[in-house]
Amino acid sequence: MKVLVINGPNLNMLGVRNPKVYGTATYAELVDYIERKAKDLCIDVRVIQSNSEGDLVTAIQQAYKVYDGIVLNAAAYTHTSVAILDALEAVSIPTVEVHLSDIARREEFRHHSFVSLYAFKTIKGFGFEGYAMALEELIKHNNL
Ligand code: DQA
-11 MKVLVINGPN LNMLGVRNPK VYGTATYAEL VDYIERKAKD LCIDVRVIQS NSEGDLVTAI
49 QQAYKVYDGI VLNAAAYTHT SVAILDALEA VSIPTVEVHL SDIARREEFR HHSFVSLYAF
109 KTIKGFGFEG YAMALEELIK HNNL
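Residue -11 is where the sequence shown starts when you use this note's numbering, and the numbers rise one by one after that.
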């Protein structure tokens, strides 16, 4: 199974950014963690990050007929981007939404997610482990 993991804006700043919320591990460590978990699960994974909404939309479009699943942490665009929701609907690829923090327990403006309107599952508040859980959810979903 081929899975594209897409990380949105400011996730490249992990380790520096708001450590009380996101921890002290770096983005490079997150990528390493995801790649190791994917290998254990026999998933062919590609992990990308962009700060730009258009790049995220393009990455989703280019996943069409290439990837069997998407793990998406759209970061701040989660709460604002109809364009990302439209791209997900356009390609119809099974998608799990991930957030490192529990967005339901944070500021009110983080409670709404456009990505949730498409994703078949949302995992929030489990830190890095949420990405491993998302990969497992995609395996289960693809075996149905
Ligand atoms: C986040 C939560 C978002 O609200 C925030 O804008 C992020 C990261 C998370 O992983 O917890 O950048 O998606």
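From the three backbone atoms N, C-alpha and C, an ideal C-beta is built for every residue, glycine too. Here the structure is a predicted model, which is why all the values come from computation and not from measurement.
For residue j and residue i, believed in contact at Cβ under 8 Å, the rounded distance
{"i": "V(-7)", "j": "V59", "result": "4 Å"}
Residue environment, residue i, which counts as buried when at least 16 other CB atoms sit within 10 Å
{"i": "F102", "result": "buried"}
{"i": "G57", "result": "buried"}
{"i": "I48", "result": "buried"}
{"i": "I36", "result": "exposed"}
{"i": "N(-5)", "result": "buried"}
{"i": "L105", "result": "exposed"}
Euclidean distance between Cα positions of residue i and residue j
{"i": "K25", "j": "E95", "result": "31 Å"}
{"i": "T53", "j": "V45", "result": "The sequence given here has Lys at residue 53, not Thr. The straight-line gap from Cα to Cα measures roughly 15 Å."}
{"i": "L126", "j": "A107", "result": "11 Å"}
{"i": "A16", "j": "P82", "result": "26 Å"}
{"i": "D43", "j": "L132", "result": "31 Å"}
{"i": "N0", "j": "A51", "result": "21 Å"}
{"i": "F114", "j": "R93", "result": "13 Å"}
{"i": "S89", "j": "N(-2)", "result": "14 Å"}
{"i": "H100", "j": "C30", "result": "33 Å"}
{"i": "A136", "j": "I22", "result": "The displayed coordinates of the chain run from -11 to 132. Any statement about residue 136 would go beyond what the structure contains."}
{"i": "K27", "j": "R34", "result": "11 Å"}
{"i": "G118", "j": "S38", "result": "19 Å"}
{"i": "R5", "j": "A75", "result": "28 Å"}
{"i": "T66", "j": "E124", "result": "22 Å"}
{"i": "A64", "j": "L73", "result": "13 Å"}
Cutoff 6 Å; reference residue i; Cβ partners in own chain excluding five residues on either side
{"i": "A122", "result": "V59, V84, V86 and I111"}
{"i": "K(-10)", "result": "D32, Y55 and D56"}
{"i": "I91", "result": "R98 and K112"}
{"i": "K109", "result": "V84 and E125"}
Contact set for residue i: own chain, Cβ-Cβ below 7 Å, skip 5 residues either direction
{"i": "L2", "result": "Y10, A13, T14, Y15 and L18"}
{"i": "S69", "result": "E41, A62 and F102"}
{"i": "A71", "result": "E41 and V45"}
Any non-hydrogen atom of the ligand FAD within 6 Å of residue i CB
{"i": "S40", "result": "As for the ligand FAD, it is missing from this structure, which binds only the ligand DQA."}
Interface flag, residue i vs chain D, CB-CB below 7 Å
{"i": "I58", "result": "Structure shown: chain D not included; a single protein chain is present."}
3 or more residues per run - each beta strand (DSSP E) lying fully within the segment 38 to 122: With a minimum length of 3 residues, the continuous beta strand (DSSP E) runs that stay inside the segment 38 to 122 are 57 to 61, 83 to 87 and 109 to 112.
Could you give the uninterrupted runs of the beta strand (DSSP E) lying entirely in the segment -11 to 35, keeping only those of 3 residues or more? -10 to -5
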